[in-house]
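S.K.: Chains as they are written, first to last, in my numbering: chain F, 26 to 315; chain G, 22 to 776; chain A, 18 to 182.
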Amino acid sequence: MRDFDYAAPTTVAEAVQLLQSHNGAARPMAGGTDLIDQVRVGRLTPDLVVDIKKIPELTAIDFSTTGLRIGAAVPCYRLYHDAQITAAYSALTDSATIIGGIQIQSRASVGGNLCNSGPAADSTPSLIALGAIVVIAGPKGTREVSVDTFCTGPGKNILERGEFVVEIKLPARAAHSGSAYQRFIPRNEMDIAVVGVGVSVTLDAAGQNFVAAKIALGAVAAKPLVADAAAKALIGQAVSEATIQKAAEAARAIATPIDDMRGTIEFRKHVTGVLTARVIQQAVERARAT
Amino acid sequence: MSTTEANPGKKYTVIGTRPIRHDGVDKVTGRAKYGGDIRLTGMLFGVMLRSPHAHANIKSIDYSAALALPGVHAVVTVDDFPDAENKIAELGEGAINLQHLRHNVLAGPKALYRGHAVAAVAADTVNIAEDACKLIKVEYEVLKPVLTAPEAMKPDAPLLHNNVYTNSLGEETKQLSNVAKHFRFEKGDLEAGFKAAKVIVEREFNTATVHQGYIEPHNGTAMWNSDGKVTVWCSTQGSFTARQQVAELCHIPVGNVKVIPMEIGGGFGGKVSVYLEPVAAILSKKTGRPVKIIMNRADCFEGTGPTPGSYIRVKMGADANGKITAAEAYMAYEAGGYPGSPIGAGAMCVFACYDVPNGKVDGFDVCVNKPHTNAYRAPGATNAAMATETVIDEICEQLKMCSMEFRLKNAAVEGTRRIDGPVYPRIGMIESVEAIKNSDHWKTPLTGKNRGRGIATGFWFNCGLKSAVTATVNFDGSVGLVEGSTDIGGSRTGIAMQFAETLGIPVDQVMPSVGDTDSVGYTDVTGGSRVTFATGWAAYEAGLDIARQMCQRAATLWEVPADQVKYENGGVSGPGGKQISFKDLVVQTCKHGEPIVGRGSADPQCPGGAFATHCVDVEVDPDTGKVTVLRYTASQDVGTAIHPAYVEGQIQGGAVQGIGWGLNEEYFYDQSGVMRNSTFLDYRMPTCLDLPMIEAIIVEVPNPGHPYGVRGVGEVPIVPPPAALANAIYNAVGVRMTQLPMSPPRVLHEILAKK
Amino acid sequence: MAKKRIVSTTINGTQKDFLCEPRQTLLEVLRDSLDMTGTKEGCSNGNCGACTVHLDGRPVVSCLVLAVEADGATVETIEGVACNGQLHPLQDSFLNNAALQCGICTPGFIMQAKSLLAENPNPSEHDIRFYLAGNLCRCTGYDKIVRAVQDAAGKMSGCCSEAKV
Ligand SMILES: Cc1cc2nc3c(=O)[nH]c(=O)nc-3n(C[C@H](O)[C@H](O)[C@H](O)COP(=O)(O)OP(=O)(O)OC[C@H]3O[C@@H](n4cnc5c(N)ncnc54)[C@H](O)[C@@H]3O)c2cc1C
Ligand code: FES
Ligand code: FES
């Protein structure tokens, strides 16, 4: 592995300062499960690795009536070990349980998954479906952006030099809502999504009609896609096979996947529709179960 | 798990039990030393620079900048090896031309695949050596690659070599070509056979390159001493084969090389050829210090020998009664960068399970711009079985006949002549099929939508070859047993068990170890399912040798003529009811006379082929093409199961490798010949979550060609799975798969095409 | 070259300080600097689980941990699993069930299974397969490994080296 230096700041301000140093060759590290491998194979070439796990805000979880705040470096296992989070933000814990194996989940964070900005990242569609806000600290202070606009291309995002993600905020769960995430992989674990779909729906009190919905797709475009057309096909409609199929078709229509070692265009487009329908169904079941 | 004994009469005291392996505690506590664990004073670390191109002329290599980097001690290229002779080195399971081996170890005038080693650096740390590799300037003239056998066989295909001429039907031609060899086997009258058929099915198959996938990466450490003696520590399937290759490539006498085999973390055929050891040796010669090289995972995929992708066409005919009348195969296997794919074995195996009266098999060994292929568990047979066993399923469908009955009806038996010539001795093909027919699995109907069951059979020759063992009796009656077969899966215990059986002593009184090349007699590779068979035989001979010496001792002790004593029941008996156990005799007589040392060596000729039949239930998701294995049963004629737990383990492990091959494993190349999935995340070997328990049914039809009836066990279980899965997928969703792997995109494609 | 760091850790209950470069992984330091070669390397990119150790009680792949990160942490490796010369029930059951062939994956599987049983003393077959999915074995087909873990779970009551998770 190439040579680099290491720092472990304990405050956000210190981290911002370190990240501004080294002419842009300083890099934050949360769990390191992407970063260390990418340095090893030469895809990343940092001169300084800034370990952000020693900053208290970055590993805090705050669940309250107003919503959920997750420090950007919180490892996946802490999310699914938390019963409140699992009940209220099921899509997110669906994602957290399938990123890598158990060992990876001891270290891998949702913040790292988002900032790595891979098109197939498993937690990003869930964050989009759940309406997450990303809190970013940088030389010019703190800013908040919708997760919908965070990723801009494979491995690319809106972060500017010296900036890093401090936490992710999720709104409180609405009544009669449910969420889910599923991906297609050829194996049953330890695989990268060939297609991933995150869905959140809110039903009326009777559980018969869609009141609100948000759908996001992973691994079928250069970045995670917000499938607004698919969500629109649900909102205001009765929960039915036909409605769900319409949404699935709309999701399929916006997928622009590539052929690669993980799947073909034909496969990815087809499975986008299949999974979208399945995940909506699962979200509906969860919404009704509450 | 059940054991079917075809020969219940013969009873052993040690054989057939399940003792804890002798090396077990070291392996569960982390104390066992594998190749990568070696540490030597003053040791340097080597790293190989590899070609980024699949096909290129190497115009020049300038490593001056690398050499100048602090901490770098030496850089070598192929020019540091003496010229190799144009001769074939036999490696036990496979053979290679030494000039090709030399150029495979470090590329010569051409880089023939992506990942082909071009230069090597020795430095104080791996990190420095890696940094130095980046400073080596290699000027490449990039050429167009050719990546599959059918492409490479076209007349206008890019040529890999300017000195490989097609050997056609036994004759050296003047034809420069990627086809290194074309051979043919024939039997009977093919045309008449097809005329007699009621049903004829002909299909084409393409299978992908797959890797053995051992978890321990290749490694090699060498010390070239000032007296010209070279010591090598490595993880190898054959220490003597490694010694031979190092000696030949470095042009030093075999006696100057000592190979110390470390524990080995899996091989499956892939750790027979050398890749690193000779390079470590040359680096050590240049630096005067020990040098260790370990591959990373991508190097293991890209720079070692996977098993070939193939193109196969099989045509088979059967009469109305379901008797095979004729069969024909055209098989082209990818050899990779240098000639020498396992096409020969594949062609011999393709119809080997059946009595085929009229047949013809054409085999082609084809060079392509991929790593030089190597053995992988029954090399060549799995590709072939995929073709034959699914064609049979289709024939049975047309004849409306149960494919189990078809297999029984056409099964090869003692006396059947294979298309390539040999006549079978007593074999257990029928027994292996019947074991499935009688299994709980087969008798339990499969219900549910999109579910299907498939069966398939497979054959592998197994091999004999040379083995040696020495046994030294300790004063307390325990025995040290040194054997030459490197132990990949508990074999030292299976060997010790045969030795203990021979002397009638407890196996925990035998201390087996794997010797280095200076301390034990020549032993061929751990491959060809031969270790328990041949090295076990040598241990049996060593046991007999000791028994003879014990008889002499007892005769002296009792003062009776030697011909009146006999070794039996774990000791010696003599006239007048005299009896003494092995241990007592040792304890009583050890202080007098010379130490007792036994030797045994073997070069057995009749390994007795192995047959396996597998049955699998799958469920196919018709919307995604994903195949889930619900239940799996594998039966196999093993001759005699020496240690049944490890026999089951071989069957289970082989079956799962076959499942991986069938469903998801493949080298995925882009057009420029770059493998895009050289990690365990994207080269999808099964995890435990992808599998059910694997039921292993041990069938014992003792091999008449072995003192304890052993046949080889390790290889044949990989042969049937892809075909069994293909047949099950057809029964589940009605699509015939003719390509491996049967990955979700391919299965879904067929399902959608059918709609 | 970046300055070397002094790292203080507790490994298998013993205080251990070592010097390392920031770019060295915990796996490299364990194997190359501390001569603890029981932890195995199969891929060095987190995909095989052979290098599994426990870091502050959680199972991690040590090839994806920088050694400097272990400062102040506790590390448990395969070398610390047997205690007072007595094998852990998992080690026993791996031997009794013939759950290893080449054995290169075994230390990783035992470390991973140990944390499974600490978290879930009574796992179903599916729980076991799910928890061990990050560990590859190419030899056994997993059948006997799964059985060994089931077996150990049945037998584990009051071993002195219980992990806390
Ligand atoms: C074996 C294996 C299996 C995997 N399986 C999956 C999978 O199934 N699904 C999946 O989506 N991913 C998978 N991954 C990828 C990886 O584990 C995830 O992306 C993980 O969530 C990354 O989190 P981390 O904390 O380890 O990130 P790190 O590796 O620490 O960081 C990732 C990237 O984000 C940057 N970064 C991290 N935190 C911040 C921050 N707060 N602000 C700004 N930038 C930051 C880093 O500089 C780096 O570029 C797998 C990886 C491995 C090794
Ligand atoms: S070596 Fe760490 S996971 Fe493979
Ligand atoms: S026993 Fe060899 S990899 Fe598991």
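All residues carry an ideal CB built from backbone N, CA and C; glycine is no exception.
Just so it is clear, the structure is predicted and the values come from calculations on it, not from any experiment.
1) Do you know how far the Cα of G:Pro392 is from the Cα of G:Leu127?
2) Distance check for G:Ala456 and G:Glu721, CA to CA, integer angstroms please.
3) Run through chain F and tell me which residues come within less than 7 Å of G:Ser764, C-beta to C-beta.
4) So is F:Val99 in contact with chain G if we call contact Cβ pairs under 7 Å?
5) Could you tell me which chain F residues have their CB closer than 9 Å to the CB of G:Leu70, listed as they occur along the chain?
6) Looking only at C-alpha atoms, which of G:Gly276, G:Met571 and G:Val659 sits nearest to G:Thr523?
7) Following a CB-centred definition, is F:Asp59 positioned closer than 6 Å to any heavy atom of ligand 1?
8) With a threshold of 16 other CB atoms inside 10 Å of the CB of A:Cys80, please say whether the residue is buried or exposed.
9) Nearest to G:Gly45 by alpha carbon, out of A:Asp52, A:Arg146 and A:Ala115?
10) Could you tell me whether the Cβ of F:Glu185 comes closer than 7 Å to any Cβ of chain A?
11) Using the beta-carbon of each residue, which ones in chain A are nearer than 8 Å to F:Ser151?
12) Got a sec? Which residues, its chain only, sit under 8 Å from A:Lys181 by beta carbon, not counting five neighbours each side?
13) Short of 7 Å in beta carbon distance, which residues of its chain neighbour A:Ser178, apart from the five on each side in sequence? Order them along the chain.
14) Name, please, each residue of chain G whose Cβ falls closer than 8 Å to the Cβ of F:Gly288.
15) G:His770 by DSSP, collapsed to three states: which one?
16) Our contact map puts G:Val593 next to G:Thr493 with C-beta atoms below 8 Å; I'd like the distance itself, whole angstroms only.
17) Name the chain G residues that come within less than 8 Å of F:Ile269, Cβ to Cβ?
18) Given a limit of 8 Å on CB to CB distance, which residues of the region 30 to 63 of chain G reach chain A?
19) Given F:Ile138, which residues of its chain have a CB within under 6 Å of its CB, disregarding the five upstream and five downstream residues?
20) Using a C-beta to C-beta distance shorter than 8 Å, which residues of chain F count as neighbours of G:Leu702?
21) Rounded to whole angstroms, what is the Cα-Cα separation between G:Leu702 and F:Leu250?
22) Under the rule that 16 or more other beta-carbon atoms within 10 Å means buried, what is F:Ser89, buried or exposed?
23) Is any non-hydrogen atom of ligand 3 found closer than 6 Å to the C-beta of A:Leu117, if you look at the structure I gave you?
24) Please compile the residues from chain F whose C-beta is within a distance smaller than 8 Å of the C-beta of A:Arg40.
25) Give the interface partners of G:Arg705 over in chain F, defined as CB-CB distance under 8 Å, in chain order.
26) Identify which residue in G:Ser453, G:Asn125 and G:Gly436 has its Cα closest to the Cα of G:Pro446.
27) List the residues of chain G whose Cβ lies closer than 9 Å to the Cβ of F:Ala291, in chain order.
28) Please determine whether the Cβ atom of A:Cys154 lies at a distance below 6 Å from any heavy atom of ligand 3.
29) Quick check on DSSP: helix, strand or coil for G:Val295?
30) Three or more C-beta pairs closer than 8 Å, one from the region 157 to 166 of chain G and one from the region 323 to 343 of chain G: is that the case here?
31) Let me check one thing: in DSSP terms, what residues is G:Val737 bridge-paired to?
32) Taking the alpha helix (DSSP H) that G:Thr50 falls in, what are its first and last residues?
33) Does the region 621 to 628 of chain G come close enough to the region 482 to 492 of chain G that 3 or more CB-CB pairs lie under 8 Å?
34) Output the distance between the C-alpha atoms of F:Leu73 and F:Val66, rounded to the nearest integer angstrom.
35) Which whole runs of the beta strand (DSSP E) in the region 602 to 652 of chain G are 3 residues long or more, in chain order?
36) Let's test the definition: count the other Cβ atoms within 10 Å of the Cβ of G:Arg474 and tell me whether it reaches 16, buried, or not, exposed.
M.R.: The answer reads as follows:
1) Counting from one through the second sequence, the residue named residue 127 of chain G turns up at place 106. Counting from one through the second sequence, the residue named residue 392 of chain G turns up at place 371. If I take the Cα positions, the gap works out to 13 Å.
2) Here residue 721 of chain G refers to the residue found at position 700 when the second sequence is read from its first residue. Here residue 456 of chain G refers to the residue found at position 435 when the second sequence is read from its first residue. Taking the straight line joining both Cα atoms gives about 11 Å.
3) For the purposes of this step, residue 764 of chain G is identified with residue 743 of the second sequence, where counting begins at 1. Per Cβ cutoff of 7 Å: Pro211.
4) By one-based count along the first sequence, residue 99 of chain F stands at place 74. No, F:Val99 lies away from the interface with chain G (no Cβ there is under 7 Å from its Cβ).
5) Mapped onto the second sequence, residue 70 of chain G falls at position 49. Neighbours of G:Leu70 on chain F: none; closest Cβ ~14 Å, over 9 Å.
6) Translated into the one-based positions of the second sequence, residue 523 of chain G becomes position 502. Comparing Cα-Cα distances from G:Thr523 to each of G:Gly276, G:Met571 and G:Val659, the minimum goes to G:Met571.
7) Here residue 59 of chain F refers to the residue found at position 34 of the first sequence. Correct: F:Asp59 has its Cβ closer than 6 Å to ligand 1.
8) Here residue 80 of chain A corresponds to residue number 63 of the third sequence, with the count starting at 1. Buried is the call here.
9) Reading the second sequence from its first residue, position 24 is the one you call residue 45 of chain G. When only C-alpha atoms are compared, the closest one is A:Ala115.
10) As a first step, residue 185 of chain F must be located in the first sequence, where it is residue number 160. False, the Cβ-Cβ gap to chain A never drops below 7 Å.
11) Within the first sequence, residue 151 of chain F is the residue found at index 126, counting from 1. Result: empty, since nearest Cβ-Cβ is about 20 Å, beyond 8 Å.
12) The residue labelled residue 181 of chain A in the question sits at position 164 within the third sequence. The predicted position of A:Lys181 is uncertain, since its pLDDT is 36 and thus under 50; a value taken from the coordinates is nonetheless stated next. Residues of the same chain with a CB within less than 8 Å of the CB of A:Lys181, apart from the 5 flanking positions on each side, are Gly74 and Ala135 in chain order.
13) Walking along the third sequence from the start, residue 178 of chain A turns up at place 161. Below a pLDDT of 50, predicted positions are generally treated as unreliable, and A:Ser178, at 47, falls in that range; the measurement from the model is reported next regardless. Within its own chain, the residues whose Cβ lies closer than 7 Å to the Cβ of A:Ser178, once the five positions on either side in sequence are excluded, are Val98, Cys100 and His105, listed in chain order.
14) By one-based count along the first sequence, residue 288 of chain F stands at place 263. Here the neighbours are Pro765 and Pro766.
15) Within the second sequence, numbered from 1, the residue matching residue 770 of chain G stands at position 749. In this structure, G:His770 counts as helix in the three-state DSSP scheme.
16) Indexing the second sequence from 1 puts residue 593 of chain G at position 572. Indexing the second sequence from 1 puts residue 493 of chain G at position 472. Contact flag wrong, Cβ pair sits at about 19 Å.
17) Within the first sequence, residue 269 of chain F is the residue found at index 244, counting from 1. Neighbours of F:Ile269 on chain G: none; closest Cβ ~14 Å, over 8 Å.
18) Only Arg39, Ile41, Arg42, Asp44, Gly45, Val46, Lys48, Val49, Thr50, Gly51, Arg52, Ala53, Lys54, Tyr55, Gly57, Asp58 and Arg60 from the region 30 to 63 of chain G bring a Cβ to less than 8 Å from some Cβ of chain A.
19) As a position in the first sequence, residue 138 of chain F is number 113, starting the count at 1. Checking the sequence shown, residue 138 of chain F turns out to be Asn, not Ile. Apart from the 5 residues on each side of it in sequence, F:Asn138 sits with its Cβ closer than 6 Å to the Cβ of Ala146 and Ser148 in its chain, given in chain order.
20) Locating residue 702 of chain G in the second sequence gives position 681, where the first residue counts as 1. Near G:Leu702 (Cβ distances below 8 Å), the residues of chain F are Met215, Asp216 and Ile217.
21) Sequence index remark: in the second sequence, residue 702 of chain G carries index 681 (1-based). Sequence index remark: in the first sequence, residue 250 of chain F carries index 225 (1-based). The straight-line gap from Cα to Cα measures roughly 24 Å.
22) Residue numbering aside, residue 89 of chain F sits at position 64 when the first sequence is read from its first letter. Sixteen is the threshold: since fewer than 16 other Cβ atoms of the shown chains lie within 10 Å of the Cβ of F:Ser89, the residue is exposed.
23) Within the third sequence, residue 117 of chain A is the residue found at index 100, counting from 1. Yes, the beta carbon of A:Leu117 sits closer than 6 Å to at least one heavy atom of ligand 3.
24) Here residue 40 of chain A refers to the residue found at position 23 when the third sequence is read from its first residue. For A:Arg40, the residues of chain F that pass the 8 Å Cβ criterion are Met26, Arg27, Asp28, Phe29 and Val64, in the order they occur in the chain.
25) Within the second sequence, numbered from 1, the residue matching residue 705 of chain G stands at position 684. Within chain F, the residues near G:Arg705 are Pro211, Arg212 and Asp216.
26) As a first step, residue 446 of chain G is located in the second sequence; it is residue number 425 there, counting from the start. For G:Pro446, the closest C-alpha among the options G:Ser453, G:Asn125 and G:Gly436 is that of G:Gly436.
27) In the first sequence, the residue the question calls residue 291 of chain F occupies position 266. A small correction: the amino acid at residue 291 of chain F is Glu; Ala does not occupy that position in the sequence shown. Result: Pro766, Leu769, His770 and Leu773.
28) As a position in the third sequence, residue 154 of chain A is number 137, starting the count at 1. A:Cys154: yes, Cβ under 6 Å from ligand 3.
29) To locate residue 295 of chain G, count along the second sequence from 1; it is residue 274. Annotated three-state conformation of G:Val295 is coil, per DSSP.
30) In short, these stretches do not touch, since the Cβ pair count stays below three.
31) In the second sequence, counting from the first residue as 1, residue 737 of chain G sits at position 716. For G:Val737, which the question treats as bridged, DSSP gives no partner whatsoever.
32) Here residue 50 of chain G corresponds to residue number 29 of the second sequence, with the count starting at 1. Its alpha helix (DSSP H) spans residues Gly45 to Thr50.
33) Between the region 482 to 492 of chain G and the region 621 to 628 of chain G there are three or more inter-stretch CB-CB distances shorter than 8 Å, so the stretches are counted as touching.
34) Mapped onto the first sequence, residue 73 of chain F falls at position 48. Mapped onto the first sequence, residue 66 of chain F falls at position 41. Distance between the alpha carbons of F:Leu73 and F:Val66: 17 Å.
35) Counting only runs that start and end inside the region 602 to 652 of chain G, the beta strand (DSSP E) elements of at least 3 residues fall at 618 to 623 and 631 to 641.
36) Counting from one through the second sequence, the residue named residue 474 of chain G turns up at place 453. Buried is the call here.
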